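The next block holds one structure in the form of C-alpha cells; read it before the comments.
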Amino acid sequence: MTIHPDKDPIGNAIMDYMNGIRNENITVSSDISEDDFIPVQYLFRTFSEMPEIEQKALLLCKGRTLDIGAGSGSHSLFLQEKGIDITALDISKLACKCCKIRGIKKVKNKDFFDLSFNEKYDTLLMLMNGIGFTGTLAGLDKFLTYARSLLTSGGQILLDSSDIRYMFEDEDEETQFEIFNSPMAPYYGEIEYIMTYKNIDGEPFKWLFIDPDTLKTIAENQGFKLKLLHKGNNNDFLAQLTIRH
71 MTIHPDKDPI GNAIMDYMNG IRNENITVSS DISEDDFIPV QYLFRTFSEM
121 PEIEQKALLL CKGRTLDIGA GSGSHSLFLQ EKGIDITALD ISKLACKCCK
171 IRGIKKVKNK DFFDLSFNEK YDTLLMLMNG IGFTGTLAGL DKFLTYARSL
221 LTSGGQILLD SSDIRYMFED EDEETQFEIF NSPMAPYYGE IEYIMTYKNI
271 DGEPFKWLFI DPDTLKTIAE NQGFKLKLLH KGNNNDFLAQ LTIRH
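Quick note on numbering: the sequence shown equals residues 71 to 315 in my numbering.
Here you go:
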C-alpha cells in the first residue's frame, strides 16, 4: 500500500519545501493531547542538527541498510555520504520523489510488508519513533516476525521510541489504575493521529509508542535480544535488536 498524494500531508509539505515554500507547519492531532505542529524545515535537518539519539543510531549503521519511513531522506543522505549501502523506503510517492531529487541512489516506494524475503539487510533503521508505524502491540509482533526474514545473520534493528506513561499521570489514582492495569484496556502507547498540511487531511492512523520493558518482552518472544544504547531526557531511548543464536 502506498499513499495517494491527495491524502499525503507530509509528502506535500516536503515537496513544497523543496520548491521554496517554507513558512508552513504540519499539524498533528491526536486522541490524547492538544494539536502539535511540526516545522517542515525540521524534516530537512543535517546530522549536526539531529538529536543525540539519531546521531548515535546513524553511526551504528553497518552494511546493507534499510531506512524504514525515510521521509525527506535526511538520514539516508547522511549514510550515503558516509559510504553506507543505504535504501530509502517510504509509502509516500512524494517523499520518495524528494529522496531522489536530493540524490539518494536507492529509493523504494513500498510498504515494508511488501518487501520480498530474498531481500536481506544488515541494518533496519527506524528513527523519529519509526517503530510507531506498527500501530499496536500486535502490529509490533507482526513486524518483528517479518523483520527476521529480512535480516542477515548478525543483522540488527536500530529504533528509537518513548515511554509516554507520563502523559497519563495525574492525581486520579483510580483512573491511572484502569489505564495501566486493566486487562481490558488497550496499551497506553497506542495512539490515534491525524496529520494536516494546508487543506490536505491525511487518513487517521494508529501510532505506537513503546516502553523499553514491553519492547523487551515482545522482542524476546520473537527471538530477539534487546540492548538499550541510550536514554534521553524525555523518556525516549535508542534500542538495538539482534537475533539470538
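Glycine is no exception: its CB is placed at the ideal position from the N, C-alpha and C atoms. Here the structure is a predicted model, which is why all the values come from computation and not from measurement.
Nearest neighbour of S146, chosen from I261, N179, S118 and L195 [CA to CA]:
The count along the sequence shown starts at 1 and reaches residue 146 at position 76. It is L195 whose Cα lies nearest to the Cα of S146.
Does the segment 102-118 come close enough to the segment 82-93 to have 3 or more Cβ pairs within less than 8 angstroms?
Taking a cut-off of 8 angstroms on C-beta distances, the segment 102-118 touches the segment 82-93, as three or more cross pairs fall below it.
How about D233 and I288: are their beta carbons less than 8 angstroms apart?
Residue numbering aside, residue 233 sits at position 163 when the sequence shown is read from its first letter. Residue numbering aside, residue 288 sits at position 218 when the sequence shown is read from its first letter. In terms of Cβ geometry, D233 and I288 do not form a close pair [threshold 8 angstroms].
Within the segment 159-192, note down every full alpha helix (DSSP H) run reaching 4 residues or more, in order along the chain.
Annotation: the segment 159-192 contains the following complete segments of the alpha helix (DSSP H) (minimum length 4 residues), in chain order: 163-171.
Backbone secondary structure at N291 - three-state DSSP:
The residue labelled residue 291 in the question sits at position 221 within the sequence shown. N291: helix per DSSP, three-state reduction.
Using C-beta distances below 6 angstroms, list every residue in its chain close to L299, excluding the 5 sequence neighbours before and after it, in chain order.
To locate residue 299, count along the sequence shown from 1; it is residue 229. The answer, listed in chain order, is L308 and Q310.
Own chain residues within Cβ distance below 6 angstroms of L207, not counting five before or after
As a working mapping, residue 207 is identified with position 137 in the sequence shown. So the list reads Y257, once near-sequence residues are dropped.
4 or more residues per run - each alpha helix (DSSP H) lying fully within the segment 89-162:
The qualifying runs are 122-130 and 144-151.
Assuming L285 contacts E260 (C-beta within less than 8 angstroms), just tell me the rounded distance between them.
On the sequence shown, position 215 is the one that residue 285 refers to. On the sequence shown, position 190 is the one that residue 260 refers to. About 14 angstroms separates the beta carbons of L285 and E260, which is beyond the 8 angstroms limit, so they are not a contact pair.
Given 8 angstroms as the limit, is there contact between the segment 176-194 and the segment 261-273, that is, 3 or more CB pairs closer than that?
Too few Cβ pairs lie closer than 8 angstroms, so no.
Under 8 angstroms, do P75 and K163 count as touching if we go by C-beta distance?
One-based indexing of the sequence shown puts residue 75 at position 5. One-based indexing of the sequence shown puts residue 163 at position 93. Yes; because the gap between Cβ atoms is below 8 angstroms, this pair is in contact.
Within the continuous beta strand (DSSP E) that includes D233, where are the two ends?
On the sequence shown, position 163 is the one that residue 233 refers to. In the DSSP assignment, D233 falls outside any beta strand (DSSP E) and carries neither an H nor an E.
State the DSSP-derived secondary structure class of F247, mapped to helix, strand or coil.
In the sequence shown, residue 247 corresponds to position 177, counting from 1. At F247 the pLDDT is 48, less than 50, meaning the model places this residue with poor confidence and gives no usable figure here.
So what does F307 bridge to, in DSSP terms?
Residue 307 sits at position 237 when you count from the first residue of the sequence shown. According to DSSP, residue pairing for F307 in a beta bridge involves S231 and K301.
Suppose the cutoff is 7 angstroms on Cβ atoms and the five residues either side in sequence are ignored; what does the same chain contact list for D105 look like?
What you label residue 105 is simply residue 35 of the sequence shown in a count that begins at 1. Around D105: T97, V98 and S99.
At the level of alpha carbons, what is the spacing between N303 and I123?
As a working note, residue 303 is residue 233 in the sequence shown. As a working note, residue 123 is residue 53 in the sequence shown. Taking the Cα positions, N303 is about 11 angstroms away from I123.
Would you mind sorting F183 into buried or exposed? The rule is 16 or more other CB atoms within 10 Å of its CB.
Taking the first residue of the sequence shown as 1, we reach residue 183 at position 113. So F183 counts as exposed.
Of the listed residues Q125, K152 and I171, nearest to G141 (C-alpha basis)
For this step, residue 141 is matched to residue 71 along the sequence shown. For the set Q125, K152 and I171, the Cα lying nearest the Cα of G141 is the one of I171.
To the nearest angstrom, how far is it from the Cα of K178 to the Cα of C131?
If you number the sequence shown from 1, residue 178 lands on position 108. If you number the sequence shown from 1, residue 131 lands on position 61. Between the alpha carbons of K178 and C131 lies a gap of roughly 19 angstroms.
Beta-ladder partner(s) of Y267, from DSSP
Position 197 of the sequence shown, counting from 1, holds the residue named residue 267. DSSP output for Y267 lists I270 as bridge partner(s).
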